[in-house]
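Okay, so here's the structure we're looking at.
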Amino acid sequence: MSDYLVIVESPAKAKTIERYLGRKYKVKASMGHVRDLPKSQTGVDIENQYEPKYITIRGKGPVLKELKTAAKKAKKIYLAADPDREGEAIAWHLAHTLNIDENSDCRVVFNEITKDAIKEAFKHPRAINKDLVNSQQARRILDRLVGYNISPILWKKVKKGLSAGRVQSVAVRLIIDREKEIQEFVPEEYWSITGLFEVNNETFEAGFYGADGKKLDLSNEDEVKNVINRIKGKDYIVQSVKKRERKRNPAAPFTTSSLQQEAARKLNFRAKKTMMIAQQLYEGIDLGGAEGTVGLITYMRTDSTRISETAQTEANQYIESEFGKDYTAQNEKKTEKKSANAQDAHEAVRPTSILRTPNSLKTVLGRDQLRLYRLIWERFVASQMAPAVMDTMTVDLVNEGVIFRANGSKVKFPGFMKVYIEGNDDNTKDEDKLLPDIEEGMTVSSKEIDPKQHFTQPPPRYTEARLVKTLEELGIGRPSTFAPTLDTIQKRGYVALDNKRFIPTELGTIVHELIIEFFPEILDLEFTAKMETSLDLIEEGQTNWVEIIDEFYQGFEKRLRVAEKEMQEVEIKDEPAGEDCEQCGSPMVYKMGRFGKFMACSNFPDCRNTKAIVKEIGVKCPTCKEGNIIERKSKKKRIFYGCDTYPNCEFLSWDKPIARACPKCSGLLVEKKSKQGMQVQCTNCDYKEEPQQ
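For the sequence shown, this note's numbering begins at 1161 and goes up steadily by one.
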């Protein structure tokens, strides 16, 4: 018989914690929530202070029976769910189910699953925080009131199976608004002039800056010709040389949002995948030997960049021993900019021990686990290092009043850059380019003056990283909601990913227009952000959750009645696929399913013929010479390229073939991704072309 029973959410977590606590403790898993609102009804008693009606989740009977049996044998029960609102709610539901006094010291929280952190946490048990519970409960009830009242109207007026939610509807709105910006965008012409200059047998580039001491933008070809006609000869005078030293500070340690963004940029991970792997690293990995199973990172749902003093001290000692004292940030005043919406409840996402280097874990981590851990480890180490020091140089060259400007920079002291440099969404790369030794008054000669026409580009579509960043900046959603939101809007068929960028579907646009007409507050960015702030105030005990919900529902109920009466039915016509069914001869149409678009017979249900959409890329098969190369998807949704005569021809390529032969050996050319951009390479010889951004 164990003296103490500890209940966590997952078996992996249970296994790790039980080993740390010893024989007197039995640790069991609840497998997440044990109670929730019923799926078959709203489950909220509006007439009785919005009282929720909780029921045991289907399938959780055996788990609860096991927990109740173990609880009867234990002298004391500790509830150790995750240290956030949802974890607090899980603990509260467990306390209710197992008849534990929620005001007793039954709740244990920890930010990392390591031996020291667990033992310290069990020295300080507390009562369940009802404010945290109420905040989570209010979110759940709000989402239920919105979803279970709007969705049936959409089913009746548009199509069965649709849903509407507070945060997901705003995310779809952002994607649709961006698409409208792109469609309405009118490109504007502009020009640039780049010069290649030489001094002391060294060449460098400079761009046109202005004329007669003023900055000048070139908007058309006539203005370019006027500038070039002013230039006399090839000699330019160095008018000014400015040199300065500039510090570049490291990025802060990861929050949930910045982790999802950087994993998307550098690892090509979807938000859902990032959080799944981070959960594994947090709950514990078996390292073997004396250490056994241990949590490798701190809790991954956080909006804080705060770091404990213990972690800072360990980082400083490691950095000094590995790189030298100059690389430590001990003398730097670290003033991290904190988001106005940040709750700062937990530390940043960091390794539980900086001494567990990525290289030391190569044999125990899977490929993707190791890649994500390396990202977290390097970001944290760099965040605790000294700034980089850059030598920058700006040179102005003048010919008949026409000014060309050259900028150069070189790393003088790498600091944190020795370990890690933050990615960005624009694929710009860090230049390490120093100009030749130039002094004011010197003469340099131009080797080439190259004018180029450009057109302004529309704003880019949202990637997952950009969308997460935008939602966070607008104060919409919280760390735990970003990944599920992106997942939901894709599963519902409201948006699709095209080249890793979100585009709205016809269905998404129709639903959006109906919601914005009848429920404008649901899609109002300020309203949604204000609601998140209200939930935060509930968590802090500064406002009553029933009042917040009632204030929302009074206006919402009136809009529901109007929508029921006035919303017009919308018929979504199937898009013709341009070919006939090979089984019955009826036209094929495009349909949207769980796994994306496919073709189906319009004579359904009499004919149930379906087939995948074939995307040709305009390249003949290099193997059989008869088939065409088409784009396919593996079971794991990874794109590859194969012959359309498969299985007769088994040609396969993970890289996209292109419709021209290698000029060196006439072999197959493919587009291959590299850090510098997309590069054309030959599959048969060493031929390569310059990467394209």
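We put the CB at the ideal spot given by N, CA and C, even for glycine.
State the DSSP-derived secondary structure class of A1500, mapped to helix, strand or coil. Its pLDDT being 46, under 50, A1500 is placed unreliably by the model, and nothing is read from it.
Going by the C-beta, is E1739 closer than 8 angstroms to any heavy atom of the ligand ATP? As for the ligand ATP, it is missing from this structure, which has no ligand bound.
Could you give the distance in angstroms between the alpha-carbon of E1207 and the alpha-carbon of I1301? Answer to the nearest angstrom: the Cα atoms are 14 angstroms apart.
On the three-pair Cβ rule with 8 angstroms, is the segment 1688-1696 touching the segment 1289-1304? At 8 angstroms Cβ cutoff, the stretches touch.
For the beta strand (DSSP E) containing K1696, name the first residue and the last one. For the record, residue 1696 in the displayed sequence is Asp; it is not Lys. Careful: D1696 lies outside any beta strand (DSSP E), inside the alpha helix (DSSP H) at L1685 to E1699.
Going by CA-CA distance only, name the one from I1260, P1347, K1771 and A1366 that's closest to G1568. Nearest C-alpha to G1568: A1366.
Contact between the segment 1432-1448 and the segment 1456-1468 is defined here as three or more beta-carbon pairs at a separation below 8 angstroms; is this criterion met? Yes, since at least three Cβ pairs between the segment 1432-1448 and the segment 1456-1468 fall closer than 8 angstroms, the two stretches touch.
For the beta strand (DSSP E) that contains P1611, what are its first and last residues? Here the beta strand (DSSP E) through P1611 covers T1603 to F1615.
With DSSP as the reference, identify every bridge partner of W1351, one or two as the case may be. Paired residues: L1378 and Q1613.
9 angstroms is my cut-off, CB to CB: does F1712 come that close to chain C? Judged by its chain identifiers, the structure shown contains no chain C, having just a single protein chain.
Using DSSP with H/G/I as helix, E/B as strand and the rest coil, what is T1669? If DSSP states are grouped into helix, strand and coil, T1669 belongs with the helices.
Looking only at C-alpha atoms, which of R1425, L1521, E1632 and M1602 sits nearest to N1559? Among R1425, L1521, E1632 and M1602, the Cα nearest to that of N1559 is on M1602.
Considering only C-alpha positions, which residue in the set A1240, N1584 and I1288 is nearest to K1279? Here the closest residue by C-alpha is A1240.
If contacts are defined as beta-carbon pairs under 8 angstroms, then T1326 and T1688 qualify, I think. What distance do you get, rounded to the angstrom? A small fix is needed here, since residue 1326 is Arg in this sequence, not Thr. Right, their Cβ atoms sit about 6 angstroms apart.
What did DSSP end up calling Y1847 once you bin it into helix, strand or coil? In the structure shown, Y1847 sits in coil (DSSP, three-state: anything other than H, G, I, E or B).
Counting pairs of Cβ atoms below 8 angstroms between the segment 1602-1616 and the segment 1518-1525, do you hit three or more? No: the two stretches stay apart, fewer than three of their Cβ pairs being nearer than 8 angstroms.
Between which two residues does the beta strand (DSSP E) containing G1834 stretch? Sequence check: residue 1834 is Ser here, not Gly. Per DSSP, S1834 belongs to the beta strand (DSSP E) from L1828 to S1834.
Near K1494, which residues of its chain fall below 8 angstroms by C-beta distance, leaving aside the five closest residues on each side in sequence? In this prediction, K1494 has a pLDDT of 48, which is less than 50 and means its spatial position is unreliable; nothing more can be read from the coordinates.
Mind checking which residues open and close the beta strand (DSSP E) that includes V1401? For V1401, the uninterrupted beta strand (DSSP E) segment begins and ends at D1395 to R1408.
Other residues of its chain near E1776: CB distance less than 7 angstroms, five sequence neighbours each side excluded: Excluding residues within five positions, the ones whose Cβ falls inside 7 angstroms are N1788 and I1790.
Counting C-beta neighbours from all protein chains within 10 Å, is the total for H1506 16 or more, i.e. buried, or is it exposed? If you draw a 10 Å sphere on the C-beta of H1506, you find 16 or more other C-beta atoms in it, and that means buried.
In whole angstroms, what is the alpha-carbon distance linking D1710 and T1465? If you take the alpha carbons of D1710 and T1465, they lie about 35 angstroms apart.
Name the two residues that bound the continuous alpha helix (DSSP H) containing V1330. DSSP places V1330 in the uninterrupted alpha helix (DSSP H) bounded by R1326 to E1344.
Residue closest to E1362, alpha-carbon to alpha-carbon, out of T1415, G1575, K1593 and E1344: Of the candidates T1415, G1575, K1593 and E1344, the one whose C-alpha sits nearest the C-alpha of E1362 is K1593.
Rounded to a whole number of angstroms, what is the C-alpha to C-alpha distance between D1846 and R1430? Roughly 33 angstroms between the two C-alpha positions.
Excluding five sequence neighbours on each side, which residues of the same chain lie with their C-beta closer than 8 angstroms to the C-beta of G1701? Taken in chain order, the residues that qualify are D1291.
Which of the three DSSP states, helix, strand or coil, is assigned to I1111? Only positions 1161 to 1853 of the chain appear in the structure, and residue 1111 is not among them; the question remains open.
On the DSSP bridge assignment, give the partners of A1450 in chain order. Its beta-bridge partners do not exist; DSSP assigns none.
Rounded to a whole number of angstroms, what is the C-alpha to C-alpha distance between A1489 and V1555? One C-alpha to the other measures close to 33 angstroms.
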